[in-house]
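Here's the structure, in structure tokens; my notes come after.
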Amino acid sequence: MKKSNITKLDKAWAYQVKIKSICEHCGKVTHLNAHHYYSRSIRSVRWDVSNGFCLCVGCHVFSTHFSAHKTPAEFVEWALERRGQEWYDKLKDKKNSLARYKDFDVEDILLDIQSYKF
4 MKKSNITKLD
14 KAWAYQVKIK
24 SICEHCGKVT
34 HLNAHHYYSR
44 SIRSVRWDVS
54 NGFCLCVGCH
64 VFSTHFSAHK
74 TPAEFVEWAL
84 ERRGQEWYDK
94 LKDKKNSLAR
104 YKDFDVEDIL
114 LDIQSYKF
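The opening residue of the sequence shown carries number 4 in my numbering; numbering runs sequentially from there.
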């Protein structure tokens, strides 16, 4: 897939993840980031909105008390409590599936991102 299409999908994914405009962990409404539960290197879930969490910059990377990157075990436990076992099982199954996207898939992926219902 062309880099320009990957960037387009990444931006659409981040926008959709942050659409509620509030940190899902602490409730802050400024300096929001979109965080992938499973790494963005895993293409099968890279643009799956259910693989995303809207976090303030503190809860995403900076806090030593709770941070998706600095305290990953706490983040994983919190995410499972927040979203539930069914969410986790579906996302894990999708993560383990093979995904090979081509440039002609871009519009379909964009529609999936934009039509996601929370």
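Cβ atoms here follow ideal geometry from the backbone N, Cα and C, with glycine treated the same way. All figures in this text were calculated on a predicted structure; none of them were measured in a lab.
Report back the beta-carbon spacing between Asn36 and Val60 to the nearest angstrom; my notes put them in contact at under 8 angstroms.
The Cβ separation is near 6 angstroms, so the contact holds.
Return yes when the Cβ of Cys62 is within less than 8 angstroms of the Cβ of Ala71, no when it is not.
For Ala71 and Cys62, yes; Cβs fall inside 8 angstroms.
Rounded to whole angstroms, what's the CA-CA distance from His68 to Phe107? Just pull it up for me.
The straight-line gap from Cα to Cα measures roughly 43 angstroms.
Kindly indicate which three-state DSSP category Leu83 falls into: helix, strand or coil?
Three-state DSSP puts Leu83 in a helix.
Could you say which of Ser100, Arg86 and Ile22 lies nearest to Val32 if we only look at CA atoms?
When each option's Cα is compared against that of Val32, the closest is Ile22.
Can you check the stretch 9–94 for any beta strand (DSSP E) of at least 3 residues that lies completely inside it and give the ranges in chain order?
Counting only runs of 3 or more, we get 35–39 and 55–59.
Between Lys98, Asp115 and Lys120, which has its C-alpha nearest Tyr41's C-alpha?
With distances taken between Cα atoms, Tyr41 lies closest to Lys98.
Which same chain residues, not among the five before or five after Tyr104, have their C-beta less than 6 angstroms away from its C-beta?
Cβ neighbours of Tyr104 beyond the five flanking positions: Met4.
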